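Taking it in order: structure first as structure tokens, then the write-up.
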């Protein structure tokens, strides 16, 4: 009897190799990409089951499930302070956590563009794995597709998160009441300006670093304080302005902010000045807005400041009764104005 | 932020506000036009109107490059992108200006029928030149709009393209002139004959004046007896300028004063003026949104540089397109109406769906009032 030799498969060339169409075709090349790249970095007991889906334990009686999903497209893929990989984990973990839930599992979908260097992909997946480990939220199932060159932007990642919400906890955008305090967990605009200055090739004396981070730890500490938290939300796209307008509309209230109390790093406000942007409309990826009972505001701020991700937490304003649901701002200059939604993209002015 | 925060100091603002309040003669009303969109933006952004006494009223002027660009000009840019297949480079603000057939550059970029425009936002003319260098096989057109602030960089780009022998670069020149617009407002029947638009003075442009200097305004002060105070774009600049205007009015003076002396001289930037004069010449007539067709109010590219003139290169013809009937941008640009007087303001016409150009840029009177000030109409 002749011995059947196992077919030799050349390992993935993670130094010089590139994603090609076969990596999405369902054959050996795809299996290899999953085994040598995705499973290697993200591996855990659920992913290791190798099935089409992950079988997860049921929540405890009385608990409810929270599910959130987020698509990530960012150019450049790598930026100061992070990359699309960790961003894809943080974004969805934060969406689940701001519901007051404990994020438990993530699903990840990758759309890869033909020609993407495997080295870049490996770096992205490794960063994703690190972020998932740090947040304590494993990626339990995933999918990969490859699109032809020119039909993607390197890589798009879509993540879905599942978490559990204990009985009786009710946090949501419709719960802000007149008199409530509005808090932010730190400086605003860091992520958007980091991306934008890299895109425009602008360099500043002090580098601007994205704030991308998983907020579930900070939120757990806030919830444990027992403070009456009404709304939690992460001011991503559209920044503080969009998020507060959303909450004002959902809750049917107005808001009054004080510009001098809103934390913005000097280098970020300088960059915004330069680029013609408003830091209040710029994206954040590691900050949260909290609306809480005014009586609990100071106590909650102390808890936030004790956490590394909330060191610069501040009270920036108060919820008011307003049938028009305006978010207003007392400017540092002393006048008053509306803080409005952004119309489309922020575009730089001409003069 | 060093050198900027000093011009946004709330304490100084309060002191200035007190000085203005003290200077105002009881019972007298003061109406000042801030010509520039940059000033309109600063007034709205910092809530300056709240710091002024009720008898001092600010009227928004037409100095917003995006707002005065007529539909026909945007149509030409869209035609270049869609029908001539050029790479159209433009400043960000122009992307949303409403054009004919419910189009805008942004929509042309996304695609119309089976065509889509290669339209790219640039921060400077240098970026546009780079696009031309990087795409030698494509025609690259820079959509040049703006007042005298943006004109010198366009002139330099054209000269540089010639020096480098860049054959695929040209400019759709829509540069306009500040003094023409001011003159038109002062000559308008609402100001001159009927007096329905009371105008006691102007806050003169900041950046424009760094180029043209303060001298061109002397004619307005002398001929029309209107004080002009040139001011920077920071909120304290504007407050200081208002105080200076109130004092001029009280003392019966009509002079050109320069609050922005840190950047503006009487003669302006002569080097920039030379470059502009070398590349551009006056256009016999140019249509402005809101102000109509004004003689000698804009620039065109000189024959010596005709190779870089997109209008000639692509044989473009200008076609005037009337504004939407309900739109009051014209009257608003002349200071005759306030955004809240417009029937479609905030209902049909919003920053998401601008019908008129004043709703496009945050320098536009309507967009500024919508984004920053409309709560005042409702409370």
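Protein chains in written order, with this note's numbering: chain A, 88 to 438; chain B, 5 to 383. Even glycine gets a Cβ: it sits at the ideal position worked out from N, Cα and C. Just so it is clear, the structure is predicted and the values come from calculations on it, not from any experiment.
Is residue i near residue j, with beta carbons less than 9 Å apart?
i             : j             : result
residue 69/B  : residue 97/B  : yes
residue 101/B : residue 358/B : yes
residue 129/A : residue 226/A : yes
residue 208/B : residue 242/B : no
residue 316/A : residue 364/A : no
residue 235/B : residue 45/B  : no
residue 331/B : residue 296/B : no
residue 71/B  : residue 333/B : yes
residue 204/A : residue 320/A : no
residue 450/A : residue 312/A : Residue 450/A cannot be examined here, being either before or after the span of chain A that is shown, 88 to 438.
residue 402/A : residue 219/A : no
residue 310/B : residue 176/B : no
residue 406/A : residue 340/A : yes
residue 79/B  : residue 103/B : yes
How close, in whole Å, do the beta carbons of residue i and residue j come, if the pair is a contact with beta carbons under 8 Å?
i             : j             : result
residue 182/B : residue 152/B : 6 Å
residue 1/B   : residue 99/B  : For chain B, the structure presents residues 5 to 383; residue 1/B sits outside this window and is missing.
residue 164/A : residue 207/A : 7 Å
residue 177/A : residue 299/A : 5 Å
residue 181/A : residue 302/A : 5 Å
residue 40/B  : residue 67/B  : 4 Å
residue 293/B : residue 73/B  : 6 Å
residue 377/B : residue 35/B  : In fact, because the Cβ distance is near 17 Å, the residues do not count as touching under 8 Å.
residue 343/A : residue 417/A : 7 Å
residue 230/B : residue 190/B : 7 Å
residue 247/A : residue 154/A : 7 Å
residue 303/B : residue 184/B : Not quite, the Cβ-Cβ distance comes to about 11 Å (not below 8 Å), so this is no contact.
residue 157/B : residue 215/B : That pair is no contact at about 10 Å.
residue 159/B : residue 28/B  : The pair is not a contact, with the Cβ atoms about 43 Å apart (cut-off 8 Å).
residue 361/A : residue 50/B  : That pair is no contact at about 18 Å.
residue 312/B : residue 174/B : 5 Å
residue 108/A : residue 201/A : 6 Å
residue 460/A : residue 293/A : The displayed coordinates of chain A run from 88 to 438. Any statement about residue 460/A would go beyond what the structure contains.
Using the Cα positions of residue i and residue j, report the straight-line distance between them to the nearest angstrom.
i             : j             : result
residue 170/A : residue 216/A : 12 Å
residue 144/A : residue 184/A : 19 Å
residue 267/B : residue 371/A : 36 Å
residue 124/B : residue 258/B : 45 Å
residue 375/A : residue 375/B : 24 Å
residue 52/B  : residue 355/A : 24 Å
residue 196/A : residue 158/A : 9 Å
residue 111/A : residue 212/A : 17 Å
residue 238/B : residue 150/A : 54 Å
residue 440/A : residue 120/A : Given a span of 88 to 438 for chain A in the structure shown, any question on residue 440/A remains unanswerable.
residue 95/B  : residue 148/A : 58 Å
residue 206/B : residue 200/B : 17 Å
residue 108/B : residue 120/B : 12 Å
residue 359/A : residue 64/B  : 25 Å
residue 148/B : residue 253/A : 59 Å
residue 127/A : residue 250/A : 25 Å
residue 2/B   : residue 211/B : Residue numbering for chain B in the displayed model covers 5 to 383; residue 2/B lies beyond these limits and cannot be assessed.
Taking the DSSP output, what are the residues bridged to residue i?
i             : result
residue 36/B  : 62/B and 205/B
residue 378/A : 269/A and 318/A
residue 342/A : 406/A and 414/A
residue 265/B : In the DSSP output, where bridge partners are listed per residue, residue 265/B has none listed.
residue 357/B : 354/B
residue 125/B : 94/B
residue 224/B : Answer by DSSP bridge pairing: none, since residue 224/B is not bridged.
residue 230/A : 196/A
residue 245/A : 158/A and 196/A
residue 250/A : 153/A and 190/A
residue 349/B : 353/B
residue 324/A : In the DSSP output, where bridge partners are listed per residue, residue 324/A has none listed.
residue 16/B  : Paired residues: none, contrary to the question.
residue 424/A : 416/A
residue 401/A : 271/A
Is residue i near the ligand FAD, in the sense that its beta carbon is under 8 Å from a heavy atom of that ligand?
i             : result
residue 214/A : Although the ligand FAD was asked about, the structure shown includes no ligands whatsoever.
Does any residue of chain D bring its CB to less than 9 Å from the CB of residue i?
i           : result
residue 8/B : The chain inventory of the structure shown lacks chain D, comprising the protein chains A and B.
Alpha helix (DSSP H) runs wholly inside the segment 138 to 191 of chain B, at least 4 long, in chain order: 155 to 168 and 182 to 191
Alpha helix (DSSP H) runs wholly inside the segment 61 to 120 of chain B, at least 4 long, in chain order: 75 to 86 and 109 to 114
Complete runs of the alpha helix (DSSP H) confined to the segment 121 to 203 of chain A [at least 4 residues]: 171 to 184
Complete runs of the alpha helix (DSSP H) confined to the segment 283 to 324 of chain B [at least 4 residues]: 314 to 317
Ordered list of alpha helix (DSSP H) runs contained in the segment 216 to 260 of chain B, each at least 4 residues: 222 to 228 and 239 to 254
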